[in-house]
Every structure is written in structure tokens, then in C-alpha cells.
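A.B. asks: What follows is a single structure, and I will ask about it in a moment.
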Amino acid sequence: IHAGVVWVNTYRAVSPLVPFGGYGQSGLGREGGLDAIRDYTRSKSVWIRISDEPIPDPFVMR
205 IHAGVVWVNT YRAVSPLVPF GGYGQSGLGR EGGLDAIRDY TRSKSVWIRI SDEPIPDPFV
265 MR
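Residue numbers (the working numbering): 205 to 266.
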């Protein structure tokens, strides 16, 4: 079955925790749930220096 939403023995049963939307090139996409978070975000590291103290050398043995 290639469908955005399928109900079996019920109608309009929804949960905000699951993805919903079109399939393929319908233009509707997927919304809601962890799938949307994974699709709409990118992980990255951000380093912000908040002190004027010298930055220790991470390659020096301590």
C-alpha cells in the first residue's frame, strides 16, 4: 500500500506522536513525530568562548 494514512476498521483515528502526510510526490510530505524532527534538523557542534581565560591545549598530557 502506497498511502499517506491508512485506517483499518476505524476512521480518523490520529495521534500527534506519529507522522502523517502524503506519500511519494504528493507535495504534502510528512509532519509530526520524530520523523519530522529528523527531517527538519541537522546536528552540529557550536563552540562559544565565554571567558577571556586562555584556552588549554587539548593535546597536552595532564
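For glycine and all other residues, C-beta sits at the position ideal for the given N, C-alpha and C.
Computed from a predicted model, the values in this text were never measured in an experiment.
If we ignore side chains and look at the alpha-carbon of each, how far apart do residue 251 and residue 243 end up?
C.D. replies: Here residue 251 corresponds to residue number 47 of the sequence shown, with the count starting at 1. Here residue 243 corresponds to residue number 39 of the sequence shown, with the count starting at 1. When rounded, the distance between both Cα atoms is 24 Å.
A.B. asks: Residues in its own chain within less than 8 Å of residue 255 by CB, not counting five upstream and five downstream?
C.D. replies: For this step, residue 255 is matched to residue 51 along the sequence shown. Contacts found: none.
A.B. asks: Quick check on DSSP: helix, strand or coil for residue 289?
C.D. replies: Past the edges of the chain, shown from 205 to 266, lies residue 289, and the structure says nothing about it.
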